[in-house]
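*Asks:*
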Amino acid sequence: MTTWYDYMVRASEHAGSDGDLWFRYLYKVIKDKETKLTTDDVEQLLKNPNLTPFQKVTLQDALTEGTHTREHVLQANRKSQPKDILKLFREGNYG
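Quick note: the sequence shown uses the numbering used here, first residue -17, plus one each step.
Take a look at the structure:
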C-alpha cells in the first residue's frame, strides 16, 4: 500500500459524513490521465471499516469509466474557460 492509501484513510476520517469534503479528496487523487491510487490501494480502501458506505461507493464510481461520478470528479479538475462578460452583455446573452 502507498502513502496515497494512508492519505485516503485519513481523508475519510476527516471528511466523516461531509460528502462535499470527501469529493474534494477524490479530486486530488483522481485525474484525467492517472489516479494516484494503485489497484491494491483501492481494494484495501473498499475493505477498510473506516470508510463509510457512501465513501466506498463514490470512490468505486469515481474510478469506473462512464459513470456520472467519474465525470463529475474529472470535470472538477479541468480548467474552465473564462467568459467574456462584456461581450455576452453586448450581444444580449445575459439572462
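Glycine included, C-beta positions come from ideal geometry on N, C-alpha and C.
None of these values were measured; they are calculated from a predicted model.
#1: Considering only the alpha carbon of each residue, which of Glu(-5), Arg60 and Leu41 lies closest to Asn32?
#2: Quick one: what's got a C-beta closer than 6 Å to Met3's C-beta in the same chain, skipping five residues either side?
#3: Using a 10 Å radius around the Cβ and a threshold of 16 neighbouring Cβ atoms, would you call Leu28 buried or exposed?
#4: Rounded to a whole number of angstroms, what is the C-alpha to C-alpha distance between Leu68 and Asn75?
#5: Using DSSP with H/G/I as helix, E/B as strand and the rest coil, what is Thr34?
*Replies:* Let's see:
#1: Numbered from its first residue, the sequence shown carries residue 32 at position 50. When each option's Cα is compared against that of Asn32, the closest is Glu(-5).
#2: Here residue 3 refers to the residue found at position 21 of the sequence shown. The question names Met, but residue 3 in the sequence shown is Leu. Hits under 6 Å: Ala(-3).
#3: Within the sequence shown, numbered from 1, the residue matching residue 28 stands at position 46. Flag for Leu28 reads exposed.
#4: In the sequence shown, counting from the first residue as 1, residue 68 sits at position 86. In the sequence shown, counting from the first residue as 1, residue 75 sits at position 93. Whole-angstrom Cα-Cα distance: 10 Å.
#5: One-based indexing of the sequence shown puts residue 34 at position 52. The answer is coil: DSSP assigns Thr34 none of H, G, I, E or B.
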